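S.K.:
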Amino acid sequence: MPAILLAGLAMGAVGALAAKLDGPIFHVVSIVFSGGWSWACFAFLVGYFRQSKVAAVLLASSALAVGVVVYYLSKALSPVAPIGMDVAGESSVGDAAPGILFWGIAAFLFGAPVGLFGNLARIPGIAGLSFRLLIPLIAFYETSVRLDVEEATAGPVPAATWSAIRVLAALAAVALVGHTLWRWRTRRDSLKVGAESH
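Numbered according to our numbering, the sequence shown terminates at residue 217, and the numbering increases by one at each position without gaps.
1) Which of the three DSSP states, helix, strand or coil, is assigned to D114?
2) Is the region 23-39 touching the region 83-90 in the sense that three or more CB pairs, one from each, lie closer than 8 Å?
3) Work out the CA separation of A192 and W201 for me, nearest whole Å.
4) Check G144 in the structure and name its three-state DSSP category.
5) Which residues mark the beginning and the end of the alpha helix (DSSP H) in which G55 is found?
6) Using 7 Å as the threshold, is the C-beta distance between I23 and V65 below it?
7) Out of curiosity, what's the CA-to-CA distance linking L153 and F52?
8) Name the two residues that bound the continuous alpha helix (DSSP H) containing D167.
9) Taking the alpha carbon of W58 as the point to measure from, which residue in R204, A95, A82, R69 has its own alpha carbon closest?
10) In chain order, what are the residue ranges of uninterrupted alpha helix (DSSP H) at least 4 long that sit wholly in the region 69-93?
11) Report the three-state DSSP secondary structure of G42 (helix, strand or coil).
12) When the Cα atoms are used, what is the spatial distance from T63 to F159?
13) So P43 packs on V176, CB below 8 Å; how close in whole Å?
14) So G147 and L156 are supposed to be a Cβ contact under 8 Å. How far apart are they, rounded?
15) Taking buried to mean at least 16 other C-beta atoms within 10 Å of its own C-beta, is G197 buried or exposed?
16) Please go through the same chain and pick out, in chain order, the residues whose beta-carbon is closer than 7 Å to the beta-carbon of R141, but skip the five residues on each side of it.
17) Classify G27 as helix, strand or coil using the three-state DSSP reduction.
18) Excluding the 5 residues flanking G118 on each side, which residues of the same chain have their C-beta closer than 8 Å to its C-beta?
19) Would you report the Cα separation of T205 and P132, rounded to the nearest angstrom?
Here is the structure:
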């Protein structure tokens, strides 16, 4: 349990600090961590790796809330600014407190169902497929919207990052469907062979 909360803390810190550092890799990391899909993926994975549905819900909510609070708190503290930028005029923690509280509570509430869906994704076969497709679909939808709305003003690095995420999300969805159908067919064929041998 502490390891999961530490993972949430690390995710929040890395995401916020990457936005403050200069360089294309940090820019890409910042873009990935500013997307809602990556936070949903984190809560989903927390739930997926829990045996108990109750633990999946509670740990996903708690870890996501910790990560989001650390993310916004780190951004408010703004310990590092990109080269050539002035840190004057950055918001203080006091100014950011209502937003931190709001997003922390929202993350806690949002983390519960996503953690549960992650746990339900463990169901083998077609029954769990819709849950396994959740994160690729969220990532595909979010990046598609961003490309439609923000591509012209975002610049080449965000547009390329969103495009890559969208392609990877589509490939992940195809792979998940293909893997599920292959396992279903293999299981069906083995049952058929077993029935014929009797």
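Glycine residues also receive a C-beta, built at the ideal position from the N, C-alpha and C atoms. From a predicted model like this one, the values you see are computed outputs, not experimental measurements.
M.R.: With the structure as the only source:
1) For this step, residue 114 is matched to residue 95 along the sequence shown. Here D114 sits in helix by DSSP.
2) Under the Cβ criterion (8 Å, minimum of three pairs), the region 83-90 counts as touching the region 23-39.
3) What you label residue 201 is simply residue 182 of the sequence shown in a count that begins at 1. What you label residue 192 is simply residue 173 of the sequence shown in a count that begins at 1. Roughly 14 Å between the two C-alpha positions.
4) Here residue 144 is taken as the residue at index 125 of the sequence shown, counted from 1. Looking at G144 - three-state DSSP - the assignment turns out to be coil, as it is neither helix nor strand.
5) Taking the sequence shown and counting its residues from 1, the one referred to as residue 55 is at position 36. Unbroken alpha helix (DSSP H) run through G55: 55-67.
6) The residue given as residue 23 occupies position 4 in the sequence shown. The residue given as residue 65 occupies position 46 in the sequence shown. Result yes, Cβ atoms of I23 and V65 sit closer than 7 Å.
7) On the sequence shown, position 134 is the one that residue 153 refers to. On the sequence shown, position 33 is the one that residue 52 refers to. So the two alpha carbons sit approximately 18 Å from each other.
8) Here residue 167 refers to the residue found at position 148 of the sequence shown. Here the alpha helix (DSSP H) through D167 covers 153-173.
9) Your numbering for residue 58 matches position 39 in the sequence shown. Looking at the Cα atoms, A82 is the closest of the given residues.
10) none
11) For this step, residue 42 is matched to residue 23 along the sequence shown. For G42, the three-state secondary structure derived from DSSP is coil.
12) Within the sequence shown, residue 63 is the residue found at index 44, counting from 1. Within the sequence shown, residue 159 is the residue found at index 140, counting from 1. According to the sequence as given, residue 63 is Phe; it is not Thr. The alpha-carbon atoms of F63 and F159 are separated by roughly 16 Å.
13) One-based indexing of the sequence shown puts residue 43 at position 24. One-based indexing of the sequence shown puts residue 176 at position 157. Indeed they touch by this definition, with Cβ atoms about 6 Å apart.
14) The count along the sequence shown starts at 1 and reaches residue 147 at position 128. The count along the sequence shown starts at 1 and reaches residue 156 at position 137. That pair is no contact at about 15 Å.
15) For the purposes of this step, residue 197 is taken as residue 178 along the sequence shown, with counting starting at 1. By the neighbour-count rule (16 or more Cβ atoms within 10 Å), G197 is not buried but exposed.
16) For the purposes of this step, residue 141 is taken as residue 122 along the sequence shown, with counting starting at 1. So the list reads Y67, G147, once near-sequence residues are dropped.
17) Walking along the sequence shown from the start, residue 27 turns up at place 8. The answer is helix: DSSP assigns G27 an H, G or I state.
18) Reading the sequence shown from its first residue, position 99 is the one you call residue 118. Residues of the same chain with a CB within less than 8 Å of the CB of G118, apart from the 5 flanking positions on each side, are Y91 in chain order.
19) Walking along the sequence shown from the start, residue 205 turns up at place 186. Walking along the sequence shown from the start, residue 132 turns up at place 113. So the alpha carbons of these two residues sit roughly 32 Å apart.
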